[in-house]
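Trainee: After the structure tokens below, expect a handful of questions from me.
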Amino acid sequence: MASSLLYDCSLITGASSGLGEEFSCQLAPHCRRLVLVARRKDRLESLRDQLCSENPGLEIAIFDADLTSSEAREELIAKVKESAWAPSLLVNNAGMGDYGEFVTGDWGKLEQMLSLNIIALTHLTHGFLPGMIQSRHGAVLNVSSLASLLPIPDFAVYAASKSYVTSFSEALRLEL
């Protein structure tokens, strides 16, 4: 483990693939603990094993959770708060997109996208930010998209959800 720890504990959502997996790999040498969250437990276990072998002394907790579920988010927040693993860095990376005209889009998919891209991100930030403020140490990294900057046909809900992430993040920056 690197001698220059940036964060005692980082919590990363969407950690089983893509940017979330890369955040996990990049942060591992700079953390004492990682909390990896995603739906796919097998991928989380594989990533945990890889990161622990590459970073001796690193402790990793995994939570397989569907963050579109309010109950799953509440359980994650409660379990992490009850442990000594309160995050000093929250990486809100979990997200999804869907392509197609809004009018013909599947409402179930659109609702799931809004729940993950907006509600889950906001809920986790609300759950963990007070502890960071109280400890006077911490950071929140909300993953947005260039799509947040302009309306995009066939990506209407995705682009709008990422506009929320960008606006919410900027507002928090000003509040804090």
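First residue of the sequence shown: 891, per my numbering; consecutive thereafter. Even glycine gets a Cβ: it sits at the ideal position worked out from N, Cα and C. Note that the coordinates shown come from a computational prediction; the quantities given were computed from them, not determined experimentally.
Do D954 and K971 have their beta-carbon atoms positioned less than 8 Å apart in this structure?
Mentor: Cβ distance not < 8 Å, so K971 and D954 don't count as in contact.
Trainee: Compute the Euclidean distance between the alpha carbons of T903 and S1034, then round it to the nearest angstrom.
Mentor: Taking the straight line joining both Cα atoms gives about 13 Å.
Trainee: Distance check for S900 and V981, CA to CA, integer angstroms please.
Mentor: Each residue's alpha carbon lies about 7 Å from the other.
Trainee: Taking the straight line between their C-alpha atoms, what separation do you get for S959 and E1060?
Mentor: Cα-Cα distance, rounded: 26 Å.
Trainee: At the level of alpha carbons, what is the spacing between F1058 and T1015?
Mentor: Between F1058 and T1015, the C-alpha separation is close to 10 Å.
Trainee: Quick one: what's got a C-beta closer than 7 Å to R963's C-beta in the same chain, skipping five residues either side?
Mentor: Within the same chain, R963 has close Cβ partners L957, A1010, H1013, L1014.
Trainee: Determine the DSSP secondary structure at R930, reduced to helix, strand or coil.
Mentor: Coil at R930, not helix or strand.
Trainee: Alpha carbon to alpha carbon, how far is I1042 from G998? Give it in angstroms, no decimals.
Mentor: The alpha-carbon atoms of G998 and I1042 are separated by roughly 20 Å.
Trainee: Just verifying my parser: in three-state terms, what is the DSSP assignment at N1007?
Mentor: Residue state, collapsed to three classes: helix.
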